[in-house]
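Numbering (the numbering used here), first residue to last: 297 to 539.
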């Protein structure tokens, strides 16, 4: 008799969420799934344009009962490649445009030249751009003609002189490579990682790599035979590195 009564009792509803894994924003309105006690349910993922499903929490199939349940689908923008939390600063050489998100809409504000700004997240896109978050809903696109990366806190009273610590240095055997940036643009090279500017190289310029250097934040540089150091993001290796 009790089992027959349970068939008409409503089980605890299940909340279903569709969220951006990087900012926790809802990509769709949350859904509420209802059913009777003992009734089976199955929740299927929802394809969302321009997003890739990354992670799911909660049970996607089972039966309704009296316990509280929820399911959350976490998605990431398809153009986002590597996401990394960092503790870096950007020194702005010229006024820099702010954006509301990675590859998003330009904001009315710009950051003035000659200042340091702290950044705490870096996104490498599938189109080989690097974006740095400088505030809530404020991003800048990295361009070494407009800014440079600084590892140590420039506002610290007794900031150490070296800008980079804990470098991992790997010798290479004059590996052939080319500058891989944008047509008709140049890339700056440096006397050392995050150091003083040494020269500028045109897109497509040939290189000979003699070392690969990685810092504690995961930023990789190549030491060239004659032109100093260049950010690895702007280098295309012509063959496997001879390590």
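Quick reminder that beta carbons are idealized off the backbone N, C-alpha and C, glycines included.
Check for me: the beta strand (DSSP E) holding residue i runs from which residue to which?
{"i": "residue 369", "result": "365-373"}
{"i": "residue 416", "result": "412-421"}
{"i": "residue 433", "result": "Segment: none, residue 433 is in no beta strand (DSSP E) and carries neither H nor E."}
{"i": "residue 443", "result": "443-446"}
{"i": "residue 378", "result": "376-388"}
{"i": "residue 312", "result": "310-316"}
{"i": "residue 482", "result": "482-486"}
Can the beta-carbon of residue i be found closer than 8 Å to that of residue j?
{"i": "residue 384", "j": "residue 445", "result": "yes"}
{"i": "residue 519", "j": "residue 507", "result": "yes"}
{"i": "residue 411", "j": "residue 394", "result": "no"}
{"i": "residue 484", "j": "residue 441", "result": "yes"}
{"i": "residue 340", "j": "residue 354", "result": "no"}
{"i": "residue 533", "j": "residue 436", "result": "no"}
{"i": "residue 338", "j": "residue 356", "result": "yes"}
{"i": "residue 375", "j": "residue 406", "result": "no"}
{"i": "residue 308", "j": "residue 352", "result": "no"}
{"i": "residue 524", "j": "residue 482", "result": "no"}
Helix, strand or coil: which one does DSSP assign to residue i?
{"i": "residue 530", "result": "helix"}
{"i": "residue 597", "result": "The structure shown has nothing for residue 597, since the chain only spans 297 to 539."}
{"i": "residue 324", "result": "strand"}
{"i": "residue 398", "result": "coil"}
{"i": "residue 341", "result": "coil"}
{"i": "residue 408", "result": "coil"}
{"i": "residue 518", "result": "strand"}
{"i": "residue 329", "result": "strand"}
{"i": "residue 460", "result": "Confidence at residue 460 is low in this model, with a pLDDT of 46, below 50, so the placement of that residue should be treated as unreliable; the coordinate-derived value is given next. Three-state DSSP puts residue 460 in coil, outside helix and strand."}
{"i": "residue 354", "result": "coil"}
{"i": "residue 469", "result": "strand"}
{"i": "residue 498", "result": "strand"}
{"i": "residue 474", "result": "strand"}
{"i": "residue 347", "result": "strand"}
{"i": "residue 393", "result": "strand"}
{"i": "residue 305", "result": "coil"}
{"i": "residue 362", "result": "coil"}
{"i": "residue 426", "result": "strand"}
{"i": "residue 525", "result": "strand"}
For my contact list, residue i and residue j are in at a C-beta cut-off of 8 Å; report their separation, rounded to the angstrom.
{"i": "residue 509", "j": "residue 464", "result": "7 Å"}
{"i": "residue 392", "j": "residue 443", "result": "6 Å"}
{"i": "residue 335", "j": "residue 360", "result": "5 Å"}
{"i": "residue 321", "j": "residue 313", "result": "11 Å between Cβ atoms; not a contact."}
{"i": "residue 489", "j": "residue 517", "result": "5 Å"}
{"i": "residue 386", "j": "residue 428", "result": "6 Å"}
Say the cut is 7 Å; is the CB of residue i nearer than that to a heavy atom of the ligand ZN?
{"i": "residue 427", "result": "The model depicted lacks the ligand ZN and carries no ligand whatsoever."}
Consider the Cβ of residue i: report whether some Cβ of chain B lies at a distance smaller than 8 Å.
{"i": "residue 512", "result": "Judged by its chain identifiers, the structure shown contains no chain B, having just a single protein chain."}
- Just checking, does the segment 468-485 make contact with the segment 497-509 on the three C-beta pairs under 8 Å criterion? Cβ pair count under 8 Å is three or more, so yes.
- Query: Is it a yes or a no for the segment 304-311 touching the segment 410-421, going by three-plus beta-carbon pairs under 8 Å?
  - Reply: Segments in contact, no.
- Contact the segment 341-356 vs the segment 389-399: 3+ CB pairs below 8 Å: Judged by pairs of C-beta atoms under 8 Å, the segment 341-356 does not touch the segment 389-399, as fewer than three such pairs exist.
- Query: Is the segment 367-378 touching the segment 307-322, taking contact as three or more C-beta pairs under 8 Å?
  - Reply: Under the three-pair Cβ rule at 8 Å, the segment 367-378 counts as touching the segment 307-322.
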